[in-house]
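Structure record follows, encoded as structure tokens.
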Amino acid sequence: AQSVTQLDSQVPVFEEAPVELRCNYSSSVSVYLFWYVQYPNQGLQLLLKYLSGSTLVESINGFEAEFNKSQTSFHLRKPSVHISDTAEYFCAVSGKAGTALIFGKGTTLSVSS
Amino acid sequence: GAVVSQHPSRVICKSGTSVKIECRSLDFQATTMFWYRQFPKQSLMLMATSNEGSKATYEQGVEKDKFLINHASLTLSTLTVTSAHPEDSSFYICSGRTSPGDTQYFGPGTRLTVL
């Protein structure tokens, strides 16, 4: 079985500041890792994912996450946030055998000017 | 990316009635579909996993006789909440996936309110 811990429930930052949303997972098997974003009143959207290969993965809107197997972490970072990045961010894990996504409790990122 | 739709987006019903929620993959074949429930300000909790043509596998604590799931085709899964009660009020979200390791694509969710 897998589990996901998102260490921060809320992260308030100012526009153009860097941000890191932390995610740790536990699993007895190899996993795939994901970050999803949920904007207010919208459905979940895939932000980025790690399946294999390079441990650093990037999204098209400037976010990146690094898979660290030794620390069982998959933290999400962005060097400079925008107001439009305000949303709920969910870290998720699935086993490579094809199990369903298991989600963390989410982190609310609030970007203000 | 692939698109998943849900219908209805919002439903209000009386206690004791049944409600059916449809989940459709519009531009891909979803071999596996998942149903989640999301409480306000909380994460998504997996309710069940269904493979096309097979019976759904329910997570521990989810009543299979109350939450009926049908996955009759590669593009359609339905969740029927039978004899709904106020405590069943929640946001129900489905997702679809073509194969293990592929991205799960999520529907926009259905807000169920039971009076």
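These protein sequence lines are chains A and B, in that order. Start counting the first sequence at 64; every next residue gets the next number (my numbering). Start counting the second sequence at 11; every next residue gets the next number (my numbering). Just so you know, even glycine gets a beta-carbon here, dropped at the ideal spot from N, CA and C. As the structure is a computational prediction, the values presented were derived from the model and not from experiment.
>> Suppose contacts are defined by Cβ-Cβ distances below 9 Å. Is residue 103(A) in contact with residue 150(A) by that definition?
In response: yes
> Are at least three pairs of beta-carbons, each pair with one atom in the region 93-103 of chain B and one in the region 155-172 of chain A, less than 8 Å apart?
Replying inline: no
> Where residue 65(B) and residue 93(B) are concerned, what is the direct C-alpha to C-alpha distance, given to the nearest angstrom?
Replying inline: 21 Å
>> Check whether chain A comes within 9 Å of residue 114(B), counting only Cβ atoms and requiring the distance to be less than that.
In response: yes
> If you draw a straight line from the alpha carbon of residue 132(A) to that of residue 73(A), how long is it in whole angstroms?
Replying inline: 25 Å
>> Using a Cβ-Cβ cutoff of less than 6 Å, which residues in the same chain neighbour residue 129(A) once the five nearest sequence positions on both sides are dropped?
In response: 118 and 119
> DSSP three-state call for residue 146(A): helix, strand or coil?
Replying inline: helix
> Can you name the start and end residues of the beta strand (DSSP E) that residue 49(B) belongs to?
Replying inline: Residue 49(B) -> no beta strand (DSSP E), and no H or E assigned at all.
>> Tell me whether residue 89(B), by its Cβ, gets closer than 8 Å to a heavy atom of the ligand HEM.
In response: In terms of ligand content, the structure shown is empty, and the ligand HEM therefore cannot be addressed.
> With a CB to CB cut of under 7 Å and the five nearest residues on each side skipped, what residues in its chain are close to residue 80(B)?
Replying inline: 87 and 88
> Got a sec? Which residues, its chain only, sit under 8 Å from residue 72(B) by beta carbon, not counting five neighbours each side?
Replying inline: 57 and 58
>> Going by DSSP in three states, residue 83(A) sits in which element: helix, strand or coil?
In response: strand
>> Taking the straight line between their C-alpha atoms, what separation do you get for residue 31(B) and residue 22(B)?
In response: 12 Å
> Does residue 26(B) get closer than 9 Å to chain A when you measure Cβ to Cβ?
Replying inline: no
>> Quick check on DSSP: helix, strand or coil for residue 62(B)?
In response: coil
> Would you report the Cα separation of residue 83(B) and residue 122(A), rounded to the nearest angstrom?
Replying inline: 32 Å
> Going along chain B, which residues have a C-beta under 7 Å from residue 168(A)?
Replying inline: 52 and 53
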